[in-house]
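J.:
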Amino acid sequence: MSRHLDVDVAVVGGGLVGSSAALALRNMGFGVALLDKGFCGAQASGVNYGGVRRQGRPLEQLPLSQRAHAIWPRLKGLIGIDGEFLRSGHLKLARSEDDMVSLEAYAATVADQGLDLELIGHNGLRERFPWVDGSILGASLCAGDGHANPRLVSAAFASAARRAGAHVLENTAVTGIARNGESFALEAGEGVSLKARFIINSAGAWADRFAADFGEPVPLTRIYPSMIVTEPVAPVMTVNIGMEGGGIYARQVERGNCVVGGERALPLDDPDFSRPRGDGVLAIMNRTAEVFPALRHAQAIRFWSGTEAAMPDRNPVIGFSDTTPGLIHAFGFTGAGFQIAPGVGEVLAELVRDGRTSTPIEAFSISRFSRPTSPADLDRTRYGSGAGPHPEPQPRGAST
Amino acid sequence: MSTRPQPLVVGAGPAGIRAAEALVAGGLRPLVVDEAPACGGQIYRQRLVPDGRSTRDLYGSEVGKADRLHAAFAAFEGKIDYWPQALLWNLRDGVADIVVAGATRRVSYDGLVLATGATDRVLPVPGWTLPGVFTLGGSQVALKAQGCAIGSRVVFAGSGPLLYLVAWQYMKAGVEVAAVLDAAPASAKLHLIKALPLDPGIVLRGTRFVAELRLRGVAIRTGIEGLRFEGEGRVSGVAWREGGRERRLACDGVGYGLALRSETQLADLAGCAFRFDERDRAWLPLRDAAGRSSVAGVYLAGDGAGIAGADAAERAGERVALALLEDRGLAFDKARAAGLEAELARIARLRDALEAAFPFPAHWAAAIDDATTLCRCEEVTAGTVREAASRFDIGEINRLKAVSRVGMGRCQGRMCAAASAEVLAAATGKPIEAAGRLRAQAPVKPIPLALQLAAEPAKLPEAAE
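From first to last, the protein sequence lines are chains A and B.
Residues in the first sequence are numbered from 1 upward in steps of one, following the numbering used here.
Residues in the second sequence are numbered from 1 upward in steps of one, following the numbering used here.
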């Protein structure tokens with residue numbers, strides 16, 4: 001089957017970033033093709049934990065995160081469903097005095113960013129969140145954060161883009177991209193060719209190949225966050241839970257199921273796929289039973305994991321290519337892309353339309369990796385791959 | 001003795017027992033894990049407590065086979081390790097996670113025999129989730145293991161050889177059987193003529209069940225359509241169409257099923273390649289004539305690898321054990337292996353004839369009412385599935401699961417995946433194989449969050465009597 005498309009923008013990768021960019025571009029009137037090697041939202045965007053969280057992000061991500069924050073309550077109008085988005089609040093727990101000091105320091109650092117963090121001591125925690133185990137010393141609450149259902153949100157952005165007139169080409173892997181005069185020529189799937197003025201590289205864990213094709217190798221590694229879900233149980237958790245220093249994040253959906261993460265899975269023979277480790281899921285399960293005593297007798301019904309791109313400094317790559325006019329990168333969200341992705345989509349559309357964006361993204365430039373790499377960075381890359389035998393300790397920001 | 005880890009046999013039904021027996025004869029000491037409290041599998045399941053019934057009462061014409069299998073297993077005493085009431089919930093890279101005696105253990109194995117058996121295949125009909133409606137297999141388990149009937153006036157409906165067998169067993173146990181409702185037209189049974197030379201015993205036995213049921217006044221209706229179960233709060237009757245006329249019958253228990261489906265999750269977790277099987281209308285793990293899967297050291301036997309019945313399971317279990325011995329460089333009886341393969345080929349031809357005599361009513365899938373629950377765990381209706389398939393242009397079942405929740409609950413699709421694939425295929429107009437199969441995820445069955453890794457040495461359960 002041979003097919004030719006002439007579009008303004010070809011978006012490579014139909015995850016939440018690519019799908020939301022495609023929708024925003026269509027709403028600006030651009031001709032858009034959205035390509036995915038499988039189904040849109042079937043990788044990390046669709047199988048992640050589902051945290052919609054600003055709290056814990058590094059300072060440089062907060063303007064972008066705030067922009068996305070304004071989009072989440074408008075999903076129904078934007079994509080036709082609310083995606084089970086709940087503004088439940090996000091409560092980050094402290095297991096030790098050191099953890100509490102660290103939460104306090106973070107609250108001070110982001111004080112003027114509009115997160116409205118509330119630090120809660122042990123007594124306050126016992127009173128307001130009695131379902132959290134008494135061994136937890138304190139917490140930091142971000143009342144405006146929440147959680148949503150990634151399965152639904154990611155697929156719905158792609159569907160909305162299609163309804164808005166984007167060419168959504170699923171099961172259509174991009175096999176070649178070349179700069180051709182003032183535009184790009186793409187080959188994809190079986191006999192699909194495209195001409196595009198702009199390319200958005202939102203290919204997630206597969207984005208490094210496209211970056212390298214344009215002379216921009218990046219130290220991208222793959223991580224495989226591992227999740228468990230319980231059977232539906234009576235309401236226990238009223239907020240989305242995180243833990244300072246990592247190890248567990250948990251939320252309860254309206255149906256009653258609790259979704260919990262905090263360990264890393266291992267890739268299968270085909271490294272595009274992964275599966276949770278038996279000892280890893282057991283660790284998450286036991287931790288859940290300890291931190292939330294009411295769940296001690298609940299049953300886990302399913303485990304899963306997904307393939308996600310990680311950068312050594314835990315910040316994504318967002319912005320124009322250094323080597324190739326018309327090429328825009330947006331990948332490497334390092335396990336924390338779900339909440340900010342709709343904001344990133346808007347930013348990418350502005351970059352296409354205006355060549356710049358009102359939201360500061362300088363910290364995410366791909367040029368930061370063209371500097372000489374120090375041995376210390378290499379160590380961090382290996383440690384963060386998730387492929388080692390030990391679960392990775394999760395600094396703040398690691399869980400979505 | 002070899003210093004390599006012991007082989008692991010999953011399932012202590014006909015296939016698992018014969019596999020273990022041949023491994024022991026070949027000089028190995030397998031670990032046999034089984035979910036049931038006692039060996040025998042579903043077909044030769046043992047009663048939970050002595051209740052005065054003899055094994056002839058329990059197994060009827062199959063009593064000889066049952067007694068021989070149970071005796072063979074009893075003779076393993078001291079020659080195998082046996083964990084009853086054990087759930088293998090995860091497999092990876094030669095390590096199995098097994099819950100037994102309230103804790104989970106990690107077991108390294110060298111050679112894996114999957115004899116995981118089958119469960120009932122159902123297509124939802126209105127009222128199928130009402131209390132009092134059981135699967136055919138479930139009805140049989142109640143009678144066999146617990147000495148209980150599913151009702152005092154019972155209707156059996158569906159298709160498959162089990163339909164008449166269970167009805168007959170209930171009748172023999174003294175329960176009033178109101179009717180047997182067979183989805184297949186009467187003419188389908190003419191295919192049994194082809195089965196006669198392959199296994200006269202099985203055909204004559206079936207014919208005798210039908211004759212004895214009729215003699216006792218049990219109504220046997222064939223070619224039924226529009227089956228539904230009625231009642232407020234629990235089943236009180238069944239209704240169907242027959243030759244264009246509505247029929248209705250009062251009852252307080254229903255056994256319903258459309259033959260069996262293979263339990264393939266462990267083969268999937270083990271990394272086995274799958275192929276579509278036309279006869280079973282299911283994706284099944286690929287295997288050679290000996291039962292070797294696509295993964296070295298993983299062997300498949302019995303109904304878990306494709307529905308073929310208990311006699312085939314015994315032979316397939318022994319055959320894969322010989323393959324395991326051969327692959328390990330141990331002595332094995334080549335002539336015996338060839339003989340088993342020949343018998344398995346004969347039984348496969350018998351299955352073709354039986355499938356034609358008890359066909360799956362695939363056309364029912366398109367007729368399932370939109371309001372009927374398809375996935376019980378997640379309460380997803382057939383209408384929701386059709387709507388999702390059309391709105392997102394979905395033809396594949398994993399994608400369908402992601403957007404509709406079908407197969408996402410406690411049973412992980414073990415009850416609803418076959419039906420969902422049928423409904424999806426009917427809705428899209430594509431062949432059933434295009435719907436694919438649900439990718440298996442651990443845990444194979446639910447496990448408690450507080451489950452602890454077993455401390456060594458752990459006290460393991462004793463085998464039940």
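All C-beta atoms, glycine included, are put in the ideal place defined by N, C-alpha and C.
#1: With DSSP collapsed to three states, give me the class of K79/B.
#2: In three-state DSSP terms, what is W206/A?
#3: Quick one: what does DSSP say S2/A is sitting in, helix, strand or coil?
#4: Near G241/B, which residues of its chain fall below 8 angstroms by C-beta distance, leaving aside the five closest residues on each side in sequence?
#5: Which residue spans inside the stretch 112-159 of chain B form an unbroken beta strand (DSSP E) run of at least 3?
#6: Sort G413/B, D182/B, A267/B and A75/B by Cα distance to A115/B and report the nearest one.
#7: Does the beta carbon of D110/B come closer than 8 angstroms to any beta carbon on chain A?
#8: Measure the C-alpha to C-alpha separation of T466/B and H363/B and round it to an integer number of angstroms.
#9: Return yes when the Cβ of H90/A is within less than 8 angstroms of the Cβ of R53/A, no when it is not.
#10: Any Cβ of chain A within less than 8 angstroms of the Cβ of L424/B?
#11: Work out the CA separation of P73/A and V47/A for me, nearest whole Å.
#12: Would you list, in chain order, the members of the stretch 285-306 of chain A that have their beta-carbon closer than 8 angstroms to a beta-carbon of chain B?
#13: For the stretch 362-370 of chain A and the stretch 213-227 of chain A, state whether three or more C-beta atom pairs, one from each stretch, are separated by less than 8 angstroms.
#14: Short of 7 angstroms in beta carbon distance, which residues of its chain neighbour F129/A, apart from the five on each side in sequence? Order them along the chain.
#15: Return the CA-CA distance between G13/A and V32/A, expressed in angstroms with no decimal places.
#16: Under 7 angstroms Cβ to Cβ from R346/B, same chain only, skipping five residues before and after it: list those, please.
#17: Terminal residues of the continuous beta strand (DSSP E) containing H167/A?
#18: Hey, is L344/B's beta-carbon within less than 8 angstroms of any beta-carbon in chain A?
#19: Going straight from the alpha carbon of E290/A to that of G38/A, what length do you get?
#20: Closer than 8 angstroms by beta-carbon distance: list the chain B residues that pair up with E231/A, in chain order.
#21: When DSSP labels each residue in this structure, what does L8/B get in the three-state scheme?
#22: Would you report the Cα separation of L374/B and M408/B, rounded to the nearest angstrom?
#23: In the stretch 137-151 of chain A, which residues sit with their C-beta less than 8 angstroms from some C-beta in chain B, listed in chain order?
#24: Please name the residue in R67/A, G332/A and P360/A whose C-alpha comes closest to that of R209/A.
#25: In chain order, what are the residue ranges of uninterrupted beta strand (DSSP E) at least 3 long that sit wholly in the stretch 224-311 of chain A?
#26: Using DSSP with H/G/I as helix, E/B as strand and the rest coil, what is K172/B?
#27: Cutting at 6 angstroms between CB atoms, please list the residues of its own chain near L137/A, excluding the five before and the five after it.
#28: Using the Cα positions of E170/A and S193/A, report the straight-line distance between them to the nearest angstrom.
#29: With DSSP collapsed to three states, give me the class of S108/B.
#30: Let me see if you follow: with CB-CB separation under 8 angstroms, is F274/B close to chain A or not?
#31: Helix, strand or coil for S102/A, going by three-state DSSP, please let me know.
#32: Tell me which residue opens and which closes the beta strand (DSSP E) that D322/A is part of.
#33: Going along chain A, which residues have a C-beta under 9 angstroms from Q441/B?
#34: What first and last residue would you give for the alpha helix (DSSP H) that runs through D385/B?
#35: What are the residues of the stretch 26-48 of chain A that lie near chain B, defined by any Cβ-Cβ distance shorter than 9 angstroms?
#36: Could you check the C-alpha separation between A265/A and E62/B for me, to the nearest Å?
T.: Taking the definition as stated:
#1: It is coil, neither helix nor strand.
#2: Annotated three-state conformation of W206/A is helix, per DSSP.
#3: Three-state DSSP puts S2/A in coil, outside helix and strand.
#4: The sequence shown places Arg at residue 241/B, not Gly. Cβ neighbours of R241/B beyond the five flanking positions: I224, E225, G226 and R247.
#5: Listed in chain order, they are 112-114, 118-120, 133-135 and 153-159.
#6: Looking at the Cα atoms, A267/B is the closest of the given residues.
#7: No, D110/B does not count as interfacial toward chain A.
#8: Given a span of 1 to 465 for chain B in the structure shown, any question on residue 466/B remains unanswerable.
#9: Closer than 8 angstroms, so yes.
#10: No, because no Cβ of chain A sits closer than 8 angstroms to the Cβ of L424/B.
#11: Our two residues, V47/A and P73/A, have alpha carbons roughly 21 angstroms apart in a direct line.
#12: Answer in chain order: M285, N286, T288, A289, L295, R296, H297, A298, Q299, A300, I301, R302, F303 and W304.
#13: By the criterion of at least three beta-carbon pairs nearer than 8 angstroms, the stretch 362-370 of chain A is in contact with the stretch 213-227 of chain A.
#14: The beta carbon of F129/A sits closer than 7 angstroms to the beta carbons of L91 from its chain, once the five residues preceding and following it are set aside; these are given in chain order.
#15: Taking C-alpha positions only, G13/A is separated from V32/A by approximately 13 angstroms.
#16: If we look at R346/B and ignore the five residues flanking it on each side, its Cβ neighbours are L198.
#17: That run of the beta strand (DSSP E) goes H167 to L169.
#18: No, its Cβ sits nowhere closer than 8 angstroms to a Cβ of chain A.
#19: So the two alpha carbons sit approximately 39 angstroms from each other.
#20: The answer, in chain order, is G409, R410 and P446.
#21: Look at L8/B here: in three-state DSSP terms it is strand.
#22: For L374/B and M408/B, the distance between alpha carbons rounds to 12 angstroms.
#23: Cβ proximity to chain B below 8 angstroms picks out R151 from the stretch 137-151 of chain A.
#24: Considering only alpha carbons, the answer is G332/A.
#25: The beta strand (DSSP E) runs of length 3 or more contained entirely in the stretch 224-311 of chain A are, from start to end of the chain, 225-230, 240-243, 249-252, 258-264, 299-305 and 308-310.
#26: Helix, per DSSP.
#27: Here L137/A has A94, M100 and H122 as same chain residues with Cβ atoms under 6 angstroms from its own Cβ, once five neighbours each way along the sequence are excluded.
#28: Answer to the nearest angstrom: the Cα atoms are 14 angstroms apart.
#29: Reduced to three states, the DSSP call for S108/B is strand.
#30: The C-beta of F274/B comes no closer than 8 angstroms to any C-beta of chain A.
#31: Looking at S102/A - three-state DSSP - the assignment turns out to be helix.
#32: Here D322/A belongs to no beta strand (DSSP E), and DSSP marks it neither H nor E.
#33: Within chain A, the C-beta atoms nearer than 9 angstroms to that of Q441/B come from R275, P276, R302, F303 and W304, in chain order.
#34: Checking the sequence shown, residue 385/B turns out to be Val, not Asp. Boundaries of the alpha helix (DSSP H) harbouring V385/B: A382 to R391, taken from the DSSP string.
#35: Going along the stretch 26-48 of chain A in chain order, one finds F39, G41, A42, G46 and V47 with a Cβ nearer than 9 angstroms to chain B.
#36: Pairing A265/A with E62/B, the inter-Cα distance amounts to about 47 angstroms.
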